[in-house]
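Residue numbers (my numbering): 20 to 363.
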């Protein structure tokens, strides 16, 4: 029987102290829990903390993009060494996997990535994933590890995605953790503040954006903390954190790949008529597009954004953003074929 896939994302704030130093007791605890969970799941561990670990080695560090890239290059080997130390105590070998956006947007590269991870699991090797910050040409704030973990969960058809945070879960107005959320709507978003830790890039809003996408594609998402001995295990049992219920999804593998490339810098705003047509599995015509967001070329995966500025789906663009802008209001020009569209 094939194991289900579990993706676990560790935020900077939950594995480091206030100065960015890795808390080794936390890593030791995580290793012990994953050793148990690995008997049931094929696991991907997405770990932040590289920038926080490396920044103390730079004089007058101010957090510029160049400094963050350099700090990540110093911190990544330090981080992976600690994971190797504590996981090897449980007989688990770790592999470092530094990913970039094109690994998901290019179908051939994505399939190669997926095949490599399969090889890891067949040999009981745990992939520890981070973004390849050193060579990324997109500012880090546009691709935090919440997004990366979500792309992996969707693309690898994960059963569950766990996002570990210092908040311990989604809190209501009285600061009590909400145990279960069936759907992320305006009421749920109303609980969110836009604050984030001083070390991490994301926040609860980022996590809910990623959660909404993953849950809409059939993945159960848990936001939980790491304070305690068996928090990951108890969260999977519904005893801690917030569990976001997976929605029914019958997407094919290629459609899930399209969705896994959906966190991009390009998109189009569509009107209500176009949104209705897309739900009826029709192609996207330029007449239904109100305006273009960002810059993209033909063949790239783009976001579909409704009039309330909610991402309602993704599509593989048949035309570039420039061409679509020129063709808006023309009735019969296809911007994306029906087979290349995924509606959430």
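Note that the Cβ used here is the ideal one computed from N, Cα and C, for glycine as well.
Secondary structure note for residue 23: its beta strand (DSSP E) is the uninterrupted segment 23-29. DSSP places residue 76 in no beta strand (DSSP E); its state is neither H nor E.
Between the alpha carbons of residue 244 and residue 199 lies a distance of about 15 Å.
According to the DSSP secondary-structure assignment, residue 190 is paired through a beta bridge with 196.
For residue 60, the enclosing beta strand (DSSP E) has its first and last residue at 60-66. The beta-bridge partner set that DSSP reports for residue 286 consists of 312, 322.
Distance check between residue 249 and each of 41, 33, 191, 53 places 53 closest, using alpha-carbon atoms only. In the three-state reduction of the DSSP assignment, residue 335 falls in the strand class, which pools E and B.
Secondary structure at residue 149: strand, using DSSP grouped into helix, strand and coil.
Under the DSSP assignment, residue 355 falls in the beta strand (DSSP E) whose first and last residues are 353-355.
A straight line joining the alpha-carbon of residue 29 with that of residue 68 spans about 8 Å. At the C-beta level, residue 74 and residue 80 come within 8 Å of one another. As a beta-bridge residue in DSSP terms, residue 116 pairs with 148.
Each residue's CA atom was taken as its position, placing residue 355 and residue 204 some 28 Å apart. Under a 10 Å Cβ-count criterion, residue 124 is classified as buried, with 16 or more other Cβ atoms of the shown protein chains found around its own Cβ.
Residue 177 places its beta carbon 8 Å or farther from that of residue 139. Residue state for residue 175 is assigned as coil, using DSSP reduced to three classes.
Comparing C-alpha distances from residue 164 to each of 228, 190, 340, 347 shows the shortest one belongs to 228. The alpha-carbon of residue 98 is positioned some 22 Å away from that of residue 180. When the Cα atoms are used, residue 362 and residue 331 turn out to be separated by approximately 6 Å.
In this structure, DSSP gives residue 240 an extended state, which the three-state scheme calls strand. Counting the other Cβ atoms within 10 Å of the Cβ of residue 246 gives fewer than 16, which makes it exposed.
The DSSP-derived three-state label of residue 263 is strand. Nearest to residue 172 by alpha-carbon distance, out of 325, 358, 25, is 25.
The beta-bridge partner set that DSSP reports for residue 304 consists of 353. When the Cα atoms are used, residue 191 and residue 259 turn out to be separated by approximately 15 Å.
Here residue 361 carries a strand assignment [DSSP, helix/strand/coil]. Following the DSSP letters along the chain, one finds residue 211 in no alpha helix (DSSP H), marked with neither H nor E.
With contacts defined as CB atoms closer than 8 Å, residue 118 and residue 95 fail to qualify as a contacting pair.
Between the alpha carbons of residue 317 and residue 359 lies a distance of about 12 Å.
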